[in-house]
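J.:
Residue numbers (my numbering): 5 to 495.
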């Protein structure tokens, strides 16, 4: 006869961040996360549990509300995968190591977590292990070991049957990438804007993508990649320069649409009707720098270029507001930025607050009467200077408008599609699945992508269907953006 275990409450990570976890003190809970420690052992009875896989020692939690100290009754595996643990939850007070929460008498729940890969603690550098030791309240000597080789994450297998099923799922729905530069649309300066395009319509059909929000970039002449890998503005534009550059960018985008036989989305009805068998483009602009402080070009772009999605800022602090990757100048959104939002509402152009500071997003949420888009980012609980990732508080501002946040796939953050799906799930844990979308930044990332081609979209869909309901998955892969766009676009 198998003994029945007493019931345990599932504890979400958001409860630690908002303090509601305190109410679970002295109760039995289950919690899913990634165990980390400062040793290279394959398993441990003492470790920390964190809400996302650590890529290095510097990424281990310094915030006591972003981790749980684990004291286990049986060894916990340290293979870089998520586990679900069950144990007695304690709210700590005046802990000598500074931790706030502990799980005592913890045991691994078999089958409680899908095999979601992160990076093994055995992939930490020697310096990373020293950092980890300080975080774990261990003597540095205990962590001063030989540098270990990185252990590559093992991806979840997507069988051909799952891939086929996911492809059928995508074909029947309005799947949307809310941020893309696919087709080499950005090559405005190469061959006087006549540089060859790469295939876009074909991969969209093959992967089941109905709509790409295809963006020009109007501030490109003024920024470059630094030796440190940052994208920064290096000069001020000449009067009229960025407006002219944007006009050439829109012309190139429309040439791509014509050459590859893509449809053009102009209305909410157009957007809802598109399917991957006959894919379409929604014209977007990354950075409103081309306005050059004047609302006139906005209406012109709407009428002549079919602009329907506008990101306020990009890689230079412009007349609309501050950006995440440079020191603030305006204190957030400017008066002109607010005027642009109101003009977008009047015309029917979706407003995107990606790259903007949290202060900019907060003010944009106050100004806008419609839901916002933040098209491409990912979640972090430990923001660093100049990061393009956003905190839970930042994300909740967008979600509170009814908006959608697109997750992007840099391989430096998400080494494979299983990891990207897990990143999407972590964002959904914070804001709800109804407020999460996909923003691939296709052909716009500085480094490699976990999703380098739309043909791989069925594999991502398969990973999402393993984590979400079909309705939630459909929302993430297009339905949520469609809901938001319907509020902005003309019928």
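Ideal Cβ placement from N, Cα and C applies to all residues, glycine included.
The structure displayed is predicted, hence computed values, not measured ones.
How far does the beta strand (DSSP E) with residue 88 in it extend, from its first residue to its last?
T.: Taking the first residue of the chain shown as position 1, residue 88 is located at position 84. Its beta strand (DSSP E) spans residues 87-95.
J.: Between 321, 345, 346, which has its C-alpha nearest residue 334's C-alpha?
T.: For this step, residue 334 is matched to residue 330 along the chain shown. Out of 321, 345, 346, 321 has the C-alpha closest to the C-alpha of residue 334.
J.: Closer than 6 Å by C-beta to residue 171: which residues in its own chain qualify, once you throw out the five before and the five after it? Chain order, please.
T.: Numbered from 1 along the chain shown, position 167 holds the residue referred to as residue 171. Closer than 6 Å at the Cβ level, and outside the excluded window around residue 171, lie 212, 462.
J.: If you compare alpha carbons, which of 310, 14, 324 is closest to residue 345?
T.: Here residue 345 corresponds to residue number 341 of the chain shown, with the count starting at 1. It is 324.
J.: From the DSSP secondary-structure annotation, give me the bridge partner or partners of residue 39.
T.: Indexing the chain shown from 1 puts residue 39 at position 35. In DSSP, residue 39 forms a bridge with 53.
J.: To the nearest angstrom, how far is the alpha carbon of residue 125 from that of residue 104?
T.: If you number the chain shown from 1, residue 125 lands on position 121. If you number the chain shown from 1, residue 104 lands on position 100. With a pLDDT of 36 at residue 125, under the threshold of 50, the modelled position of that residue is not reliable, and the figure given next carries that caveat. Approximately 22 Å between the Cα atoms of the pair.
J.: What is the DSSP secondary structure of residue 217, reduced to helix, strand or coil?
T.: Residue mapping note: residue 217 aligns to position 213 of the chain shown, counting from 1. Residue state, collapsed to three classes: strand.
J.: Using DSSP's beta-bridge definition, name the partner residues of residue 410.
T.: Walking along the chain shown from the start, residue 410 turns up at place 406. According to DSSP, which records beta bridges pairwise, residue 410 is partnered with 441.
J.: With distances taken Cα to Cα, identify the nearest neighbour of residue 200 among 393, 469, 264, 491.
T.: Numbered from 1 along the chain shown, position 196 holds the residue referred to as residue 200. Measuring from the Cα of residue 200, the nearest candidate turns out to be 264.
J.: What is the residue span of the alpha helix (DSSP H) that residue 337 lies within?
T.: Walking along the chain shown from the start, residue 337 turns up at place 333. That residue, residue 337, is in no alpha helix (DSSP H); it is neither H nor E in DSSP.
J.: At what residue ranges does the stretch 319-396 contain a whole run of the beta strand (DSSP E), taking only runs of 3 or more?
T.: Listed in chain order, the complete beta strand (DSSP E) runs (minimum 3 residues) inside the stretch 319-396 are 354-356, 377-381.
J.: Rounded to a whole number of angstroms, what is the C-alpha to C-alpha distance between residue 189 and residue 288?
T.: Here residue 189 refers to the residue found at position 185 of the chain shown. Here residue 288 refers to the residue found at position 284 of the chain shown. The straight-line gap from Cα to Cα measures roughly 12 Å.
J.: For the stretch 401-410 and the stretch 12-28, state whether three or more C-beta atom pairs, one from each stretch, are separated by less than 8 Å.
T.: With the cut-off at 8 Å, the stretch 401-410 and the stretch 12-28 do not touch.
J.: Under the rule that 16 or more other beta-carbon atoms within 10 Å means buried, what is residue 441, buried or exposed?
T.: Counted from its first residue, the chain shown places residue 441 at position 437. Buried, since its Cβ has 16 or more Cβ neighbours within 10 Å.
J.: Is the beta carbon of residue 76 closer than 8 Å to that of residue 30?
T.: As a position in the chain shown, residue 30 is number 26, starting the count at 1. As a position in the chain shown, residue 76 is number 72, starting the count at 1. No, the Cβ-Cβ distance between residue 30 and residue 76 is not below 8 Å.
J.: Pick out whichever of 98, 53, 46 has its Cα sitting closest to the Cα of residue 82.
T.: Position 78 of the chain shown, counted from the first residue, corresponds to residue 82. When each option's Cα is compared against that of residue 82, the closest is 46.
J.: Taking all protein chains shown into account, decide if residue 164 is buried (16 or more other Cβ within 10 angstroms of its Cβ) or exposed.
T.: Reading the chain shown from its first residue, position 160 is the one you call residue 164. Answer is exposed; the Cβ neighbour count stays below 16.
J.: How far does the beta strand (DSSP E) with residue 456 in it reach, from first residue to last?
T.: The residue you call residue 456 lines up with position 452 of the chain shown. No beta strand (DSSP E) holds residue 456; DSSP gives it neither H nor E.
J.: Where DSSP assigns a beta bridge to residue 268, which residues make up the other side?
T.: Numbered from its first residue, the chain shown carries residue 268 at position 264. DSSP output for residue 268 lists 285 as bridge partner(s).
J.: Just to confirm, is the Cβ distance from residue 466 to residue 162 under 8 Å?
T.: The sequence position of residue 466 within the chain shown is 462, counting from 1. The sequence position of residue 162 within the chain shown is 158, counting from 1. Yes, Cβ-Cβ distance for residue 466 and residue 162 is below 8 Å.
J.: Taking all protein chains shown into account, do 16 or more other C-beta atoms lie within 10 angstroms of the C-beta of residue 443, making it buried, or fewer, making it exposed?
T.: Taking the first residue of the chain shown as position 1, residue 443 is located at position 439. Classification of residue 443: buried, given that the 10 Å Cβ count is 16 or more.
J.: In this structure, does DSSP put residue 205 in helix, strand or coil?
T.: Numbered from its first residue, the chain shown carries residue 205 at position 201. Three-state result, residue 205: helix.
J.: Using only the alpha-carbon positions, how far apart do residue 426 and residue 380 sit?
T.: To locate residue 426, count along the chain shown from 1; it is residue 422. To locate residue 380, count along the chain shown from 1; it is residue 376. Distance between the alpha carbons of residue 426 and residue 380 is about 16 Å.
J.: Look at residue 207 and residue 459 and say whether their C-beta atoms are less than 8 Å apart.
T.: Mapped onto the chain shown, residue 207 falls at position 203. Mapped onto the chain shown, residue 459 falls at position 455. Yes, they are a contact pair.
J.: Verify whether the separation of the beta carbon atoms of residue 336 and residue 494 is less than 8 Å.
T.: Position 332 of the chain shown, counted from the first residue, corresponds to residue 336. Position 490 of the chain shown, counted from the first residue, corresponds to residue 494. Not in contact: residue 336 and residue 494 (Cβ atoms no closer than 8 Å).
J.: Mapping DSSP to helix, strand and coil, what is residue 112?
T.: Taking the chain shown and counting its residues from 1, one reaches residue 112 at position 108. Here residue 112 sits in strand by DSSP.
J.: Just to confirm, is the Cβ distance from residue 354 to residue 489 under 8 Å?
T.: Taking the first residue of the chain shown as 1, we reach residue 354 at position 350. Taking the first residue of the chain shown as 1, we reach residue 489 at position 485. Yes, Cβ-Cβ distance for residue 354 and residue 489 is below 8 Å.
J.: Where does residue 310 fall in DSSP's three states?
T.: In the chain shown, the residue the question calls residue 310 occupies position 306. Coil at residue 310, not helix or strand.
J.: In chain order, what residues of the same chain lie with their CB nearer than 8 Å to the CB of residue 5, ignoring the 5 residues before and after it?
T.: Reading the chain shown from its first residue, position 1 is the one you call residue 5. Low confidence applies to residue 5: its pLDDT is 44, below 50, so where it sits in the model is not reliable enough to give any reading.
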